[in-house]
Amino acid sequence: MGIWLLNNFGTLALACLLGGGAVCVGVAGTLLLRRLLPRAADGRYNDMVGVVLSMYAAIYGIILAFVVVAEWEGLNEAETNVAAEASQTAEVLRDASAFPPDQERLVTQAVGAYVHAIVEKQWPLMREGRPDPGITNPQVVRLYEVFQEYEPRTESEKVYYEQAVSTLGEVAAARRTRLADSEQSLPMLLNVLVYGGALVMLPLTFLYGIRSLRAQLMFVVSVAGLIGVSLLLCLSLDHPFSGNLAVSPAPFKEGVLARFWP
Numbered sequence: 321m322g323i324w325l326l327n328n329f330g331t332l333a334l335a336c337l338l339g340g341g342a343v344c345v346g347v348a349g350t351l352l353l354r355r356l357l358p359r360a361a362d363g364r365y366n367d368m369v370g371v372v373l374s375m376y377a378a379i380y381g382i383i384l385a386f387v388v389v390a391e392w393e394g395l396n397e398a399e400t401n402v403a404a405e406a407s408q409t410a411e412v413l414r415d416a417s418a419f420p421p422d423q424e425r426l427v428t429q430a431v432g433a434y435v436h437a438i439v440e441k442q443w444p445l446m447r448e449g450r451p452d453p454g455i456t457n458p459q460v461v462r463l464y465e466v467f468q469e470y471e472p473r474t475e476s477e478k479v480y481y482e483q484a485v486s487t488l489g490e491v492a493a494a495r496r497t498r499l500a501d502s503e504q505s506l507p508m509l510l511n512v513l514v515y516g517g518a519l520v521m522l523p524l525t526f527l528y529g530i531r532s533l534r535a536q537l538m539f540v541v542s543v544a545g546l547i548g549v550s551l552l553l554c555l556s557l558d559h560p561f562s563g564n565l566a567v568s569p570a571p572f573k574e575g576v577l578a579r580f581w582p
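Using the working numbering, the letters of the sequence shown map in sequence onto residues 321 to 582.
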């Protein structure tokens, strides 16, 4: 559900949906509580509610901060890994320039097929949260076959051959990490704490009585808006390959690899 929302709505639309939804719930809840429990509006329960609200807000804020920081680091790591995979793939291409023309052409064709398979076939599936390793398996196998079938002759070719094979292993490792990153999401317990905590936090603000309806609505609306935007941030960072903040396949179209794209 979260991935579908990220892929079908822009950040502004989601902010209106989550933030606006939380604000509407806050306003409706405040008006309903003032009608059903008018004595709460005079602040007679504020001593108890204030203590509970402050304690709960502190605990929820710590949990939310931990989740946001962890997810932000995960997004940065995913971006770094994609850039590393693209750089390593380009390095294989550079090393192949030391081989005879026929072998260099085979390596170039294999690398080009791999890069196109990643961007055109695998990336859309990663964006939907269901990566398929099998999509690029044939291209990876072909890359290894190209090197396994070649026997370097000169000392220079041997040096570049060993370096290219070593780099190819790094490409395969980065590929596995990228696919794993595209499936990452918050554990169920943290989801319950983040989203369930918001469902508890917001109603607590209704109970904090303020005689002025306008002042109370301003208080509730500000808290509701902050909660809604925080949930949007958690949702966006939870899926590094989906939505407007998604990791881009651009590194596979830049530098040496740009030759494979019109």
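Every residue, glycine too, gets a C-beta built ideally from N, C-alpha and C. Since this is a predicted model, take the numbers as computed values, not measurements.
| query | result |
| --- | --- |
| Would you report the Cα separation of L557 and R473, rounded to the nearest angstrom? | 50 Å |
| Rounded to whole angstroms, what is the Cα-Cα separation between V402 and Q536? | 48 Å |
| Considering just the uninterrupted stretch of the alpha helix (DSSP H) at Y434, what are its terminal residues? | 421-436 |
| State the DSSP-derived secondary structure class of T474, mapped to helix, strand or coil. | coil |
| Taking 6 Å as the limit between beta carbons, can you name the residues of its chain near A416, skipping five residues before and five after? | E424, V427 |
| For D452, I'd like the list of residues in its chain whose CB is within less than 6 Å of its CB, leaving aside the five on either flank, ordered along the chain. | L445 |
| For S502, collect the residues of the same chain with a Cβ closer than 6 Å to its Cβ; drop the 5 residues on either side in sequence, then sort them by chain order. | M446, P451, F561 |
| Does the distance from the C-beta atom of G563 to that of A342 stay below 8 Å? | no |
| Report the three-state DSSP secondary structure of M508 (helix, strand or coil). | helix |
| Over the uninterrupted alpha helix (DSSP H) stretch that includes S542, give me the two end residues. | 533-558 |
| My output table needs one value for I530: the three-state DSSP class, helix, strand or coil. | coil |
| By alpha-carbon positions, which one of E440, S532, P582, T487 ends up nearest to L463? | T487 |
| What whole-angstrom Cβ distance do L553 and V388 have, given they're in contact under 8 Å? | 6 Å |
| Using the Cα positions of I530 and P358, report the straight-line distance between them to the nearest angstrom. | 11 Å |
| Can you grab the Cα-Cα spacing for the pair D422 / L332, in whole Å? | 52 Å |
| Compute the beta-carbon to beta-carbon distance between T409 and V491, rounded to the nearest angstrom, for a pair I have assumed lies under 8 Å. | 5 Å |
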